[in-house]
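Numbering (the working numbering), first residue to last: -6 to 375.
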Amino acid sequence: MLDNTAIAPNEHIQELPIQEFDAEDEEEMPEIEIPVQGRKLVTQPYDFIIRSLKDQVDEGSLILADNFQRRQVWDFAKSSRLIESLLLNVPIPVCYFAELDSNAYSVIDGQQRLTAIYRFLNNEYGLRRLKVLPELNRKKFQDLAPIEQRALQSRTIRCIVILKESHPHIKYDVFERLNSGFVPLNAQELRNSVYRGNLNNLIQELCEDEIFQKIRNVSTIDKRMQDCELILRFFAFHFSGREYKGNLARFLDNYLEKGMEMPPENLEHHRQIFRKVVDDVDYVFEKQAFRRYNLDQGWERSINRAIYDAIMQYFALLDSEVIRGKKEEIIKSLKQVCQDPEFNEAISSSTKNKDRIQTRLDKWKDALVEVGLDVPCLKIGQ
-6 MLDNTAIAPN EHIQELPIQE FDAEDEEEMP EIEIPVQGRK LVTQPYDFII RSLKDQVDEG
54 SLILADNFQR RQVWDFAKSS RLIESLLLNV PIPVCYFAEL DSNAYSVIDG QQRLTAIYRF
114 LNNEYGLRRL KVLPELNRKK FQDLAPIEQR ALQSRTIRCI VILKESHPHI KYDVFERLNS
174 GFVPLNAQEL RNSVYRGNLN NLIQELCEDE IFQKIRNVST IDKRMQDCEL ILRFFAFHFS
234 GREYKGNLAR FLDNYLEKGM EMPPENLEHH RQIFRKVVDD VDYVFEKQAF RRYNLDQGWE
294 RSINRAIYDA IMQYFALLDS EVIRGKKEEI IKSLKQVCQD PEFNEAISSS TKNKDRIQTR
354 LDKWKDALVE VGLDVPCLKI GQ
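So this is what it looks like as structure tokens:
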């Protein structure tokens, strides 16, 4: 539980070049369909000293998500400038927390700042590139003079807690409004903060699957959580595709929210089907998995999410032995279907539209049927 012994720059997250994936069309979020009486947001402001915040992280009542920390994109120079600002008593922007059912709190806005502070207090890096206090360069927290240590630990940060009785969709809308940093959090990073729970934890685990990384031609987790969104996307379409109404972001939000308390047996089913499918994809396509093929240039380098959807959904319906026995035919089928004008349009523009999704699924199914695979017709949004 947060104590009130304490009294926030915006998240300047370093933009990393995204080359692994094709770009997708932006989509507007639909209006939130909540009865007037349910549109409730309850907040509580706190002023915390930094020492108190660190203690609460250590005891587990304030959650700096491990999976977010491991993907954080602030470098030590940027972190050092934040510490310098605090030593100079420069106010930093408000942080926002969400109250969890366990009466602990998760950080929604301010994750980078608080992580930078926490890591410095734990002597995980030395200060660097300071402009106003260059004499402190290369010093860790333990190397600061006692008066400087006390000054830093006694600095205050204003924090606002969004209490658990607030409606979850209203909370998510608020988090989107707060998400105004230099490089804003993307949709999956927001989901990671809002819908923490059993399914989200499983997705974090599966991101480190060696085969999943291999077929994406990477060797580590994605700093902006696009790998997490790929996995969530597969689960949502595979298990709830008929519920799709045309807005992918809301569809993924809803599925991850429903999975927050998913029972162990369902989690294991999700784990097994995902690993089975990526193993089959690796066997058939290897490093060409989920790439578009064109006659002039061959396989493209970037993953096409729309092709990912089609391959993953139909491979999930087929036995591994059947798939592997048709490896060469399936590769040839993908090359051919990529030359189909309707399929090409369905994987290139308005890719989140229900009709476009259905078109590419139907075209891929027909291609598989032509090589002798017995697959049903998947229907989206029906």
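Here a beta-carbon is modelled for each residue, glycine too, at the ideal position from N, C-alpha and C.
- Proximity below 8 Å, CB of Leu57 to CB of Gln104: Cβ distance < 8 Å, so Leu57 and Gln104 count as in contact.
- Query: Looking only at C-alpha atoms, which of Leu249, Arg243, Lys207 and Ser342 sits nearest to Tyr276?
  - Reply: Nearest in C-alpha terms to Tyr276, of all of Leu249, Arg243, Lys207 and Ser342, is Lys207.
- Query: Just how far apart, CA to CA, sit Pro380 and Gln197?
  - Reply: There is no way to answer for residue 380, as the model of the chain reaches only from -6 to 375.
- Query: beta strand (DSSP E) containing Ser99: first to last residue?
  - Reply: Tyr98 to Asp102
- Out of curiosity, what's the CA-to-CA distance linking Asp289 and Glu279? 21 Å
- Under 8 Å between C-beta atoms of Phe244 and Val270: no
- Item | Beta-carbon proximity of Asp246 to Arg151, cut-off 8 Å | Contact: no.
- Return the residue from the list Asp40, Glu322, Asn191 and Val330 that minimises the CA-CA distance to Pro256. Asn191
- Query: Run through DSSP, which three-state label would Val154 get?
  - Reply: strand
- Task: Please go through the same chain and pick out, in chain order, the residues whose beta-carbon is closer than 6 Å to the beta-carbon of Ser326, but skip the five residues on each side of it.
- Result: Ala360 and Val364
- Along the chain, which unbroken stretches of the alpha helix (DSSP H) at least 4 residues long are found entirely within the segment 276 to 318? 298 to 308 and 313 to 317
- State the start and end residues of the unbroken beta strand (DSSP E) segment that holds Glu92. Cys88 to Glu92
- Take Leu156 and list the residues in its own chain whose beta-carbon comes closer than 8 Å to its own, dropping the five residues that flank it on each side. Val35, Thr36, Gln37 and Glu92
- Got a sec, what are the start and stop residues for the alpha helix (DSSP H) Asp48 sits in? Ile43 to Glu52
- Query: Helix, strand or coil: how does DSSP classify Leu114 here?
  - Reply: helix
- Query: Which one of Tyr301, Lys320 and Ser295 has the shortest CA to CA distance from Phe267?
  - Reply: Ranking the options by Cα distance to Phe267, first place goes to Tyr301.
- How big is the Cα-Cα spacing for Asp220 and Asp102? Cα to Cα, Asp220 sits roughly 22 Å from Asp102.
- Item | Cα-Cα separation, Val274 to Tyr188 | Put simply, the backbone Cα of Val274 is about 29 Å away from that of Tyr188.
- Between Phe69 and Asp202, what straight-line distance do the alpha-carbon atoms span, to the nearest angstrom? Taking the Cα positions, Phe69 is about 28 Å away from Asp202.
- Task: Give me the Cβ distance between Gly374 and Lys251, rounded to the nearest whole Å; I'm assuming they're in contact under 8 Å.
- Result: About 17 Å; that fails the 8 Å criterion.
- Task: Pick out whichever of Ala339, Ala303 and Phe336 has its Cα sitting closest to the Cα of Ile370.
- Result: Per the sequence shown, the amino acid found at residue 370 is Cys instead of Ile. When each option's Cα is compared against that of Cys370, the closest is Ala303.
- Message: With distance defined between alpha-carbon atoms, name the residue in Lys347, Pro86 and Ala97 nearest to Gln49.
- Response: Ala97
- Message: Distance check for His262 and Ser341, CA to CA, integer angstroms please.
- Response: Approximately 32 Å, taken between the alpha carbons.
- Task: Taking only the alpha-carbon atoms, compute the straight-line gap between Asp333 and Glu117 and give it to the nearest angstrom.
- Result: Straight through space, the alpha carbons of Glu117 and Asp333 are spaced by roughly 54 Å.
- Query: On the three-state DSSP scale, how would you describe Thr36?
  - Reply: strand
- Task: Leaving aside the five residues before and after Arg284 along the sequence, list all residues of the same chain whose C-beta is less than 6 Å from its C-beta, in chain order.
- Result: Result list for Arg284: Trp292 and Glu293, in chain order.
- Message: Just to confirm, is the Cβ distance from Leu249 to Leu223 under 8 Å?
- Response: no
- Can you name the start and end residues of the alpha helix (DSSP H) that Asp355 belongs to? Lys347 to Glu363
- Express the C-alpha separation of Arg121 and Leu366 in angstroms, rounding to a whole number. 60 Å
- Residues bridged to Leu55 [DSSP beta-bridge criterion]: Per DSSP, Tyr98.
- Task: Taking the CB atoms as reference points, tell me whether Ile146 and Ile76 lie closer together than 8 Å.
- Result: At residue 146 the sequence reads Gln, which differs from the Ile that was named. No; because the gap between Cβ atoms is not below 8 Å, this pair is not in contact.
- Message: Which of the three DSSP states is assigned to Thr213 in this structure?
- Response: coil
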